[in-house]
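So the structure is just underneath, and the comments pick up after that.
Residue numbers (the working numbering): 107 to 353.
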């Protein structure tokens, strides 16, 4: 056989091996996704919320000061009258998130929730409540107060997005510059923040979270069922579809 023919055969075999490895990889990914979907559907439809509650704990910033506090069980009514929300009041599905603007998992969840609300806004009520994990994030309390100051000027969600987008470049000075970026009245914003106008409101959110079993961020309550950690978008969509089917 000519040397060129041998080389061609070797290249052909190499391409076949690469194609086979790639195919096996794709099948494993699809199989893993299928298992994940079936697993969560089973948990949801059998009502095994206790198992679901702890599934995503690895994707959460936990508060060390709350680590040994007893965890209450049950369905919790955590919707507040004054915290910002998206979607439809009285919707079939209520999602309340307790979050921290310095938490990387909350940042990831913020993108997921914004995407979901664009898709399911008519069927879902989504509310954000403050839960600054101060023992892990020294600026978290101030960020939460700044967000409520923005809410007072009707710009909570714009400021919320900016806080998460700027998470790796954050300071008290940056809080003010972000306020200007979203069109807030600078004087009113600075006064609100310096005077601590909403420190009590942030504390009330935190205390409500602790009472409902929040021990870190993010923690979600879906129709009152507590699920700790950042929930993947596909799982949230499963939860939404399952709930809508039951209506």
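Cβ coordinates follow ideal geometry from the N, Cα and C atoms, glycine included.
None of these values were measured; they are calculated from a predicted model.
Here's the rule: buried if 16 or more other CB atoms are within 10 angstroms of the residue's CB, otherwise exposed. What is residue i?
i	result
residue 226	buried
residue 322	buried
residue 169	buried
residue 178	exposed
residue 164	exposed
residue 188	exposed
residue 307	buried
residue 133	In this prediction, residue 133 scores a pLDDT of 40, lower than 50, which makes its location untrustworthy; the coordinate-derived value is nonetheless stated afterwards. Residue 133 should be labelled exposed.
residue 244	exposed
residue 292	exposed
residue 176	exposed
residue 283	exposed
residue 275	exposed
residue 250	buried
residue 287	exposed
residue 203	buried
residue 252	buried
residue 167	buried
Could you have a look at residue i and say whether DSSP puts it in helix, strand or coil?
i	result
residue 233	strand
residue 207	coil
residue 345	helix
residue 169	coil
residue 200	strand
residue 315	helix
residue 192	strand
residue 218	helix
residue 225	helix
residue 102	Because the chain in this structure spans residues 107 to 353, residue 102 falls outside the shown range and cannot be described.
What number of angstroms, rounded off, separates the C-alpha of residue i from the C-alpha of residue j?
i	j	result
residue 234	residue 162	19 Å
residue 195	residue 241	34 Å
residue 298	residue 228	33 Å
residue 130	residue 262	The predicted model places residue 130 with a pLDDT of 47, which falls under 50 and marks its position as unreliable, so this point remains unresolved.
residue 200	residue 210	23 Å
residue 273	residue 207	7 Å
residue 255	residue 224	25 Å
Going by DSSP, which residues form a beta bridge with residue i?
i	result
residue 334	325
Can residue i be considered in contact with the ligand ADP, in the sense that its beta carbon sits closer than 7 Å to one or more heavy atoms?
i	result
residue 221	What this structure holds is no ligand at all, so the ligand ADP is not there to describe.
Unbroken stretches of the beta strand (DSSP E), 3 residues or longer, contained in the segment 278-311: List check, beta strand (DSSP E) in window: nothing returned.
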